[in-house]
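For reference, the structure discussed in these notes is given below.
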Amino acid sequence: MITLWFNTIDHQEWTEQMDTVEQAVSVIQYYMGTPEVGAGYAVSGDGIVTCYIEGATWEELGYGY
Numbered sequence: 001m002i003t004l005w006f007n008t009i010d011h012q013e014w015t016e017q018m019d020t021v022e023q024a025v026s027v028i029q030y031y032m033g034t035p036e037v038g039a040g041y042a043v044s045g046d047g048i049v050t051c052y053i054e055g056a057t058w059e060e061l062g063y064g065y
């Protein structure tokens, strides 16, 4: 199980859970486009959405930092 926690700059928060890496990447791309990955989290290109993950690493999802 991969869990994604999303936050926005206007304090909206939500969680998405999925079973596969492919599903997780699809959800990330839907909400964030191609994010900038930092140490343990990612930020959307426009800086509005941040995402933290559990159950996989950013490298496993195809994003390096």
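Note that my numbering gives residue 4 to position 4 of the sequence shown, counting from 1, and the numbers run on in steps of one.
All residues carry an ideal CB built from backbone N, CA and C; glycine is no exception.
With DSSP as the reference, label residue i as helix, strand or coil.
| i | result |
| --- | --- |
| residue 41 | strand |
| residue 22 | helix |
| residue 31 | helix |
| residue 57 | coil |
| residue 17 | strand |
Taking 6 Å as the line, does the beta carbon of residue i fall inside it for any heavy atom of the ligand HEM?
| i | result |
| --- | --- |
| residue 32 | With respect to the ligand HEM, the structure offers nothing, as it holds no ligand at all. |
Between residue i and the rest of its own chain, which residues show a CB-CB distance below 8 Å, the 5 nearest in sequence each way excluded?
| i | result |
| --- | --- |
| residue 17 | 1, 2, 3 and 4 |
| residue 60 | 21 |
Answer with buried or exposed for residue i, where buried requires no fewer than 16 other C-beta atoms within 10 angstroms of its C-beta.
| i | result |
| --- | --- |
| residue 26 | exposed |
Output yes or no for whether 7 Å exceeds the beta carbon distance between residue i and residue j.
| i | j | result |
| --- | --- | --- |
| residue 42 | residue 51 | yes |
Leaving out the 5 sequence neighbours to the left and right, which residues in its chain are closer than 6 Å to residue i when beta-carbon positions are compared?
| i | result |
| --- | --- |
| residue 8 | 48 and 49 |
On the DSSP letters alone, give me the boundaries of the beta strand (DSSP E) that residue i sits inside.
| i | result |
| --- | --- |
| residue 2 | 2 to 8 |
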